[in-house]
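Protein chains in written order, with full-length UniProt numbering: chain E, 1 to 97; chain G, 1 to 265. Think of the CB as a built atom: it goes at the ideal place given N, C-alpha and C, for glycine as much as any other residue.
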């Protein structure tokens with residue numbers, strides 16, 4: 001298991017997200033993508049449900065169990081998850097730190 | 001990605017730690033993956049139980065396999081998972097074909113199983129290949145598309161992509177693997193003479209408009225310690241009404257008194 005990271009600035013968190021996304025959907029797909037805070041999980045990154053599961057697990061590994069990303073997603077409906085952008089996740093992580 | 005080694009290969013597993021050593025294993029159905037449970041049902045159960053979910057052989061994040069889709073292999077995989085986590089006894093919940101795996105497991109290793117939750121599991125006898133195609137289209141694809149039509153463009157686009165991917169998985173498993181043949185090996189599970197010896201407390205949770213609704217009654221008549229309950233919806237009920245399904249499973253596991261009052265006998 002990876003060491004839990006303490007990343008506090010938006011840029012640090014975004015950089016960690018890029019690394020997680022690369023693991024989840026494959027480095028070869030990420031190469032051609034411009035991943036920014038405005039990138040959405042489904043439209044831009046084209047993640048499906050099982051990839052969002054993997055993403056969620058990796059967020060836990062990277063940021064620790066105090067960041068209950070899965071619980072946060074559970075309270076969202078499908079439309080909200082589909083519209084979710086990386087900036088929303090960064091906001092959530094910062095709010096937990 | 002948590003992957004464990006079992007005798008037949010590697011298995012993608014996810015775990016939600018609850019406040020208990022009491023473990024529930026959730027088994028998804030054919031053509032799906034563990035995400036069926038991950039965002040709705042599993043978090044509800046993890047309030048009181050440790051929850052394990054895994055992708056079935058050849059499904060989800062596991063490698064594609066050309067064979068081994070019969071219940072003997074599927075139950076061996078499940079038992080290997082239980083062994084891997086060194087669990088003496090577990091509760092099992094299985095949806096659709098996953099429900100058949102749970103039933104078979106209770107038949108062959110009753111000492112490892114506590115409570116059983118069978119969600120809209122089908123009687124496979126008499127379903128032809130064309131039957132599977134029709135059921136898949138009618139019970140999965142159409143309701144899913146209908147539920148999300150006339151919604152936001154982004155949502156429609158996501159659903160369309162999801163459906164296309166599901167159809168691609170369906171076509172691979174049905175036409176390029178031994179799945180269809182393997183299903184014929186297990187088509188008479190509901191009529192297996194040992195089924196009536198399953199004495200585990202069992203919840204049969206069926207969808208009232210599912211093409212398998214009557215199969216709940218068949219099982220109810222066979223399993224001596226079962227309760228049958230119908231929820232609204234068709235076979236895609238756990239996808240569309242995940243929270244309600246999770247609530248029913250949670251209530252059954254906790255044996256709430258009011259649950260007994262609401263069960264249709």
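At a CB-CB cut-off below 7 angstroms, which residues of chain E make contact with residue i?
i, result
"residue 38 of chain G", "53"
"residue 33 of chain G", "50"
"residue 152 of chain G", "79"
Listing by chain order, which chain E residues have their CB less than 8 angstroms from the CB of residue i?
i, result
"residue 14 of chain G", "53, 57"
Look up residue i in the DSSP assignment and say whether it is helix, strand or coil.
i, result
"residue 57 of chain G", "coil"
"residue 8 of chain E", "coil"
"residue 171 of chain G", "helix"
"residue 92 of chain G", "strand"
"residue 255 of chain G", "coil"
"residue 114 of chain G", "strand"
"residue 197 of chain G", "helix"
"residue 292 of chain G", "The question about residue 292 of chain G has no answer here: the residues shown for chain G are numbered 1 through 265."
"residue 310 of chain G", "Residue 310 of chain G lies beyond the range of chain G shown here (1 to 265); nothing can be said about it."
"residue 127 of chain G", "coil"
"residue 37 of chain E", "coil"
"residue 260 of chain G", "In this prediction, residue 260 of chain G scores a pLDDT of 49, lower than 50, which makes its location untrustworthy; no coordinate-derived value is stated."
"residue 83 of chain E", "helix"
"residue 151 of chain G", "coil"
"residue 67 of chain E", "coil"
"residue 187 of chain G", "coil"
How many Å lie between residue i and residue j at the Cα?
i, j, result
"residue 184 of chain G", "residue 218 of chain G", "19 angstroms"
"residue 47 of chain E", "residue 3 of chain G", "20 angstroms"
"residue 77 of chain E", "residue 89 of chain G", "34 angstroms"
"residue 258 of chain G", "residue 248 of chain G", "Note that residue 258 of chain G scores 49 on pLDDT, short of 50, meaning its location in the model is unreliable; the coordinates nonetheless yield the value given after this. Taking the straight line joining both Cα atoms gives about 11 angstroms."
"residue 34 of chain G", "residue 61 of chain G", "9 angstroms"
"residue 85 of chain G", "residue 82 of chain E", "34 angstroms"
"residue 115 of chain G", "residue 253 of chain G", "7 angstroms"
"residue 16 of chain G", "residue 61 of chain E", "13 angstroms"
"residue 120 of chain G", "residue 242 of chain G", "13 angstroms"
"residue 197 of chain G", "residue 23 of chain E", "47 angstroms"
"residue 160 of chain G", "residue 145 of chain G", "8 angstroms"
"residue 155 of chain G", "residue 27 of chain E", "26 angstroms"
"residue 166 of chain G", "residue 49 of chain E", "11 angstroms"
Name the chain G residues that come within less than 8 angstroms of residue i, Cβ to Cβ?
i, result
"residue 36 of chain E", "Within 8 angstroms Cβ-Cβ: nothing; residue 36 of chain E doesn't reach chain G, min ~17 angstroms."
Measuring alpha carbon to alpha carbon, tell me which of the options ends up nearest residue i.
i, options, result
"residue 190 of chain G", "G:165, G:59, G:5, G:104", "G:104"
"residue 74 of chain G", "G:88, G:168, G:58", "G:58"
"residue 201 of chain G", "G:247, G:45, G:224, G:130", "G:224"
"residue 92 of chain G", "G:206, G:106, G:235, G:7", "G:106"
"residue 251 of chain G", "G:215, G:110, G:49, G:12", "G:49"
"residue 56 of chain G", "G:102, G:116, G:203", "G:102"
"residue 71 of chain G", "G:167, G:188, G:248", "G:188"
"residue 66 of chain G", "G:119, G:176, G:209, G:246", "G:176"
"residue 53 of chain E", "E:30, E:29, E:39, E:71", "E:71"
"residue 143 of chain G", "G:18, G:237, G:41, G:46", "G:237"
"residue 168 of chain G", "G:22, G:23, G:32", "G:32"
"residue 192 of chain G", "G:209, G:180, G:222, G:166", "G:222"
"residue 88 of chain E", "E:6, E:7, E:13", "E:13"
"residue 76 of chain G", "G:6, G:45, G:111, G:43", "G:6"
Please say whether residue j and residue i have beta carbons closer to each other than 8 angstroms?
i, j, result
"residue 51 of chain E", "residue 25 of chain E", "yes"
"residue 136 of chain G", "residue 170 of chain G", "yes"
"residue 182 of chain G", "residue 69 of chain G", "yes"
"residue 139 of chain G", "residue 211 of chain G", "yes"
"residue 55 of chain E", "residue 20 of chain E", "yes"
"residue 81 of chain G", "residue 54 of chain G", "yes"
"residue 205 of chain G", "residue 245 of chain G", "yes"
"residue 213 of chain G", "residue 233 of chain G", "no"
Chain E partners of residue i, CB-CB under 9 angstroms?
i, result
"residue 60 of chain G", "50, 53"
"residue 67 of chain G", "In chain order: nothing, as chain E lies at least about 22 angstroms away."
Please list the partners that residue i has in chain G, where partner means a Cβ-to-Cβ separation under 9 angstroms.
i, result
"residue 19 of chain E", "Going along chain G, no residue has its Cβ under 9 angstroms from residue 19 of chain E, so there is no contact; the nearest lies around 15 angstroms."
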